[in-house]
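S.K.: Residues in the sequence shown are numbered from 219 upward in steps of one, following the working numbering. We put the beta carbon where it would ideally sit given N, CA and C, even for glycine.
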Amino acid sequence: MKFKYQRIPVASNNAFPNRKSIIKPLIPIRLRYQKNFVDIYALIDSGADDCLFNAEIGAKLGIDITSGEENSYRGITGQSTIAYFHKIEIEVGGWKHPCYAGFCYDTPLSALGQDGFFNLFKIQFNYSKSEIEIKNK
């Protein structure tokens, strides 16, 4: 299944005064927990160890966030965040897989990482065509 990179508006700054937008590998996915589901866009992040989502998404799924197993993460800025892990199902392009995903209160981004995404799918990035191809393993 092929997806297009998504163009995201950004504010200009001193380093990039002419930049108005940037493309990112954001894809539509469905998360399921019991009988509940949420459709969102998530960033394919090869630098992320695990799949992480905002706690608000988990709450919409009916998950008691803080009842999950805790793990601490440190991002590129060095700031620490806590994720609470739960067994959910992830659906990409019609393919469904179990996923042990973390939910964080202080991250606005949904990230598809190594465990729970890259280990389940073959991902090919083609930046020049603004295209991502995903195949089920």
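Which residues mark the beginning and the end of the beta strand (DSSP E) in which K253 is found?
M.R.: Note, K253: premise wrong, no beta strand (DSSP E); not H, not E.
S.K.: What are the boundary residues of the beta strand (DSSP E) that L279 is part of?
M.R.: Premise fails: L279 lies in the alpha helix (DSSP H), 273-279, not in any beta strand (DSSP E).
S.K.: Where are the beta strand (DSSP E) runs, 3 residues long or more, that stay fully inside the segment 262-330, in chain order?
M.R.: Listed in chain order, they are 270-272, 287-292, 298-310, 313-322.
S.K.: In angstroms, rounded to a whole number, what distance separates the CA positions of F339 and L261?
M.R.: Answer to the nearest angstrom: the Cα atoms are 14 Å apart.
S.K.: Per the contact definition of three or more C-beta pairs closer than 8 Å, is the segment 336-353 in contact with the segment 267-279?
M.R.: Verdict: no, contact absent.
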